[in-house]
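Numbering (the working numbering), first residue to last: 135 to 231. Quick reminder that beta carbons are idealized off the backbone N, C-alpha and C, glycines included. In this text, all values refer to a predicted model and were calculated from it rather than measured experimentally.
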């Protein structure tokens, strides 16, 4: 199975590597969207993010949709790949544990 997936993963990595980098100035995220993105990029579900940030799951879904739209991504995973460099720098406090 891995032999079948490897070429596809390689092609996807090459496509992503050739994309122009996103910049915070061209896609400004609100502080809350950065918080949501932080937890998205760590594999948290909407429910887990809602629990961590003490907000409703519906609010999380709203912010996730905004992140996806602002990054011009096709889906949640694509947004994470495109926006990895948008994570707050080390030392910046992110809401939640």
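DSSP three-state call for residue i: helix, strand or coil?
i           : result
residue 188 : coil
residue 200 : helix
residue 141 : helix
residue 135 : coil
residue 163 : coil
residue 215 : helix
How close, in whole Å, do the beta carbons of residue i and residue j come, if the pair is a contact with beta carbons under 8 Å?
i           : j           : result
residue 180 : residue 191 : 5 Å
residue 218 : residue 175 : 7 Å
residue 173 : residue 189 : That belief does not hold up - the Cβ atoms of residue 173 and residue 189 are roughly 11 Å apart, past 8 Å.
residue 199 : residue 207 : Rounded, the Cβ-Cβ distance is 11 Å, inconsistent with contact.
What separation, rounded to the nearest whole angstrom, lies between the Cα atoms of residue i and residue j?
i           : j           : result
residue 183 : residue 137 : 35 Å
residue 158 : residue 141 : Residue confidence for residue 158 is low, a pLDDT of 47 falling below 50, so the modelled location carries little weight; the figure read from the coordinates is stated next. C-alpha separation (whole angstroms): 32 Å.
residue 210 : residue 202 : 6 Å
residue 216 : residue 205 : 7 Å
residue 143 : residue 169 : 28 Å
residue 148 : residue 171 : 23 Å
Got a sec, what are the start and stop residues for the alpha helix (DSSP H) residue i sits in?
i           : result
residue 179 : From DSSP, residue 179 is part of no alpha helix (DSSP H); its letter is neither H nor E.
residue 207 : Unbroken run through residue 207: none, as it is neither H nor E.
Considering only heavy atoms of the ligand SAH, does any lie closer than 8 Å to the CB of residue i?
i           : result
residue 193 : Ligands displayed in this structure: none; no statement on the ligand SAH is therefore possible.
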